[in-house]
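Colleague: Before we start, here is the structure in question, set down as structure tokens.
Numbering (my numbering), first residue to last: 256 to 561.
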């Protein structure tokens, strides 16, 4: 892997990068006017949320503006970006869900936290077909390390597939100095989670690119926010997707404003989870789509016959 992914407008190249390295960079996904409009809306929303005590900088010097689907048409306009979805479908297949939509701000002094975006995926059984980690026992801190479940002698012959594909939309130029996302090329095929201490020198490289670029990462790729050593914050948008079998990070069925739901296209409603999948996510005989304010039947008693 002498040559690492560079920003590209060629979808074929981007998909090959995703397969080989676990990530790709989509060049000029946003035009300059879009970047400016998104940046302005993020900063206005952030300032207003801080004023009412609903947002603050976290201990790791990161700051999120969550649930952007509710917070401006300029955000909703990019959710269905076709070039980006071509890459998402390449990783996840035909059907998938919108999982989360945040603004991600890295303030000066950010710290690294090595992880994957499907940390909750239990490892495959070992060669003896023994379960190494029960699905309900996974935690953010517990499912990581060189030898998950104590399997010190066995390198995995099979690994879990990617069931997540997440994107970082760069509203600033992402540089090594301002905390560009760090990735380990090829780590998506390692079959394990990164260990923050043991993997600190695992060929981490910054995914640097100009504003308007989209970084797409499949769910098994090791990554982290970089360390921002400048005197200015670095801003991006994260739009995350997951396979339809899995729980979304944000609850769009309950949290999305009524007016946003009313104006959403069928394609966006399906991404949000309003469309049942293979018999999952529906209720009673409601059919393929679910609607707010319509419920499954309650307790009934038969009519008394004369």
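Glycine is no exception: its CB is placed at the ideal position from the N, C-alpha and C atoms.
Please read all numbers here as calculations on a predicted model, not as lab measurements.
Look up residue 386 in the DSSP assignment and give the residues it is bridged to.
Modeller: Stepping through the chain shown from its first residue, residue 386 is reached at position 131. Answer by DSSP bridge pairing: none, since residue 386 is not bridged.
Colleague: Within the stretch 414-471, note down every full beta strand (DSSP E) run reaching 3 residues or more, in order along the chain.
Modeller: DSSP runs (the beta strand (DSSP E)) wholly in the stretch 414-471: 419-425.
Colleague: Please list the terminal residues of the continuous alpha helix (DSSP H) segment that includes residue 270.
Modeller: In the chain shown, the residue the question calls residue 270 occupies position 15. It spans 266-276 - the alpha helix (DSSP H) in which residue 270 sits, taken as one unbroken run.
Colleague: Can you tell me whether residue 473 is buried or exposed, with buried defined as 16 or more other CB within 10 angstroms of its CB?
Modeller: Indexing the chain shown from 1 puts residue 473 at position 218. With 16 or more other Cβ atoms within 10 Å, it is buried.
Colleague: State the DSSP-derived secondary structure class of residue 290, mapped to helix, strand or coil.
Modeller: Along the chain shown, read from residue 1 onward, the residue named residue 290 stands at position 35. Looking at residue 290 - three-state DSSP - the assignment turns out to be helix.
Colleague: Can you tell which of 434, 419, 518 and 455 has its C-alpha closest to the C-alpha of residue 484?
Modeller: Sequence index remark: in the chain shown, residue 484 carries index 229 (1-based). With distances taken between Cα atoms, residue 484 lies closest to 434.
Colleague: According to DSSP, simplified to helix, strand and coil, what is residue 483?
Modeller: Position 228 of the chain shown, counted from the first residue, corresponds to residue 483. Residue 483: strand per DSSP, three-state reduction.
Colleague: Please give the ranges of any alpha helix (DSSP H) in the stretch 301-364, keeping only runs that are unbroken, at least 4 residues long and fully inside the region.
Modeller: Runs of the alpha helix (DSSP H) inside the stretch 301-364: 328-331 and 337-347.
Colleague: Considering only residues of the same chain and omitting the five flanking positions on each side of residue 325, which have a CB-CB separation below 8 angstroms?
Modeller: For the purposes of this step, residue 325 is taken as the residue at position 70 of the chain shown. Contacts found: 510, 511, 512 and 515.
Colleague: Note the first and the last residue of the continuous alpha helix (DSSP H) segment covering residue 524.
Modeller: As a first step, residue 524 is located in the chain shown; it is residue number 269 there, counting from the start. Counting along the chain, the alpha helix (DSSP H) containing residue 524 begins and ends at 521-527.
Colleague: On the criterion of 16 or more Cβ atoms from any shown chain inside 10 Å, does residue 475 qualify as buried, or is it exposed?
Modeller: Position 220 of the chain shown, counting from 1, holds the residue named residue 475. Counting Cβ neighbours within 10 Å, residue 475 comes out buried, since at least 16 surround it.
Colleague: Along the chain, where does the beta strand (DSSP E) that runs through residue 491 open and close?
Modeller: Within the chain shown, the letter at position 236 stands for residue 491. Per DSSP, residue 491 belongs to the beta strand (DSSP E) from 489-497.
Colleague: Closer than 6 angstroms by C-beta to residue 341: which residues in its own chain qualify, once you throw out the five before and the five after it? Chain order, please.
Modeller: For the purposes of this step, residue 341 is taken as residue 86 along the chain shown, with counting starting at 1. Result list for residue 341: 266, in chain order.
Colleague: Please classify residue 286: is it buried, with 16 or more other beta-carbons within 10 angstroms of its beta-carbon, or exposed?
Modeller: Within the chain shown, residue 286 is the residue found at index 31, counting from 1. The residue in question, residue 286, is exposed, as its Cβ has fewer than 16 Cβ neighbours within 10 Å.
Colleague: Can you check which of these residues, 419, 423 and 392, is closest to residue 358 by C-alpha distance?
Modeller: Here residue 358 is taken as the residue at index 103 of the chain shown, counted from 1. With distances taken between Cα atoms, residue 358 lies closest to 423.
Colleague: Under a Cβ-count criterion, where at least 16 other Cβ atoms within 10 Å of its own Cβ denotes burial, should residue 530 be classed as buried or exposed?
Modeller: Position 275 of the chain shown, counted from the first residue, corresponds to residue 530. That one is buried.
Colleague: Are three or more beta carbon pairs between the stretch 495-510 and the stretch 442-456 nearer than 8 angstroms?
Modeller: Output reads no: the stretch 442-456 does not touch the stretch 495-510.
Colleague: When burial is assigned at 16 or more other CB atoms within 10 Å of the CB, is residue 481 buried or exposed?
Modeller: Counted from its first residue, the chain shown places residue 481 at position 226. Counting Cβ neighbours within 10 Å, residue 481 comes out buried, since at least 16 surround it.
Colleague: Tell me the residue span of the alpha helix (DSSP H) that contains residue 516.
Modeller: Along the chain shown, one-based indexing puts residue 516 at 261. Where residue 516 is concerned, the enclosing alpha helix (DSSP H) stretches over 513-518.
Colleague: Pick helix, strand or coil for residue 298, following the three-state DSSP scheme.
Modeller: Taking the chain shown and counting its residues from 1, the one referred to as residue 298 is at position 43. The answer is helix: DSSP assigns residue 298 an H, G or I state.
Colleague: Grouping DSSP H, G and I as helix and E and B as strand, with all else coil, what is residue 509?
Modeller: Taking the chain shown and counting its residues from 1, one reaches residue 509 at position 254. The answer is helix: DSSP assigns residue 509 an H, G or I state.
Colleague: Which residue from 462, 431, 427 and 479 puts its Cα closest to that of residue 449?
Modeller: Position 194 of the chain shown holds residue 449. For the residues 462, 431, 427 and 479, the minimum Cα distance to residue 449 belongs to 479.
Colleague: In whole angstroms, what separates the C-alpha of residue 458 from that of residue 320?
Modeller: By 1-based counting over the chain shown, the position of residue 458 is 203. By 1-based counting over the chain shown, the position of residue 320 is 65. Straight-line Cα distance between these residues: approximately 30 angstroms.
Colleague: Relative to the C-alpha of residue 368, which candidate in 355, 323, 280 and 314 has its C-alpha closest?
Modeller: Along the chain shown, one-based indexing puts residue 368 at 113. When each option's Cα is compared against that of residue 368, the closest is 314.
Colleague: Thinking C-alpha only, which one of 440, 505, 370 and 332 is nearest residue 461?
Modeller: Taking the first residue of the chain shown as 1, we reach residue 461 at position 206. Nearest option by C-alpha distance: 440.
Colleague: Looking only at its chain, what residues have a beta carbon closer than 7 angstroms to the beta carbon of residue 504, apart from the 5 residues adjacent to it on each side?
Modeller: On the chain shown, residue 504 is found 249 positions in, with the first residue counted as 1. Closer than 7 angstroms at Cβ, skipping near neighbours: 354, 355 and 495.
Colleague: So, are the CB atoms of residue 338 and residue 388 less than 9 angstroms apart?
Modeller: Indexing the chain shown from 1 puts residue 338 at position 83. Indexing the chain shown from 1 puts residue 388 at position 133. Cβ atoms of residue 338 and residue 388: not closer than 9 angstroms.
Colleague: Cα separation between residue 273 and residue 279?
Modeller: For the purposes of this step, residue 273 is taken as the residue at position 18 of the chain shown. For the purposes of this step, residue 279 is taken as the residue at position 24 of the chain shown. Roughly 5 angstroms between the two C-alpha positions.
Colleague: How would you label residue 269, buried or exposed, when you count the other beta carbons within 10 angstroms and need 16 or more for buried?
Modeller: In the chain shown, the residue the question calls residue 269 occupies position 14. With 16 or more Cβ atoms within 10 Å of its Cβ, residue 269 is classed as buried.
Colleague: Please name the residue, chosen from 290, 352, 427 and 489, that lies closest to residue 421 on a Cα-to-Cα basis.
Modeller: Counting from 1 along the chain shown, the entry for residue 421 is found at position 166. Here the closest residue by C-alpha is 352.
Colleague: Could you check which residue in 380, 384, 376 and 381 has the C-alpha nearest to that of residue 390?
Modeller: Here residue 390 is taken as the residue at index 135 of the chain shown, counted from 1. Measuring from the Cα of residue 390, the nearest candidate turns out to be 376.
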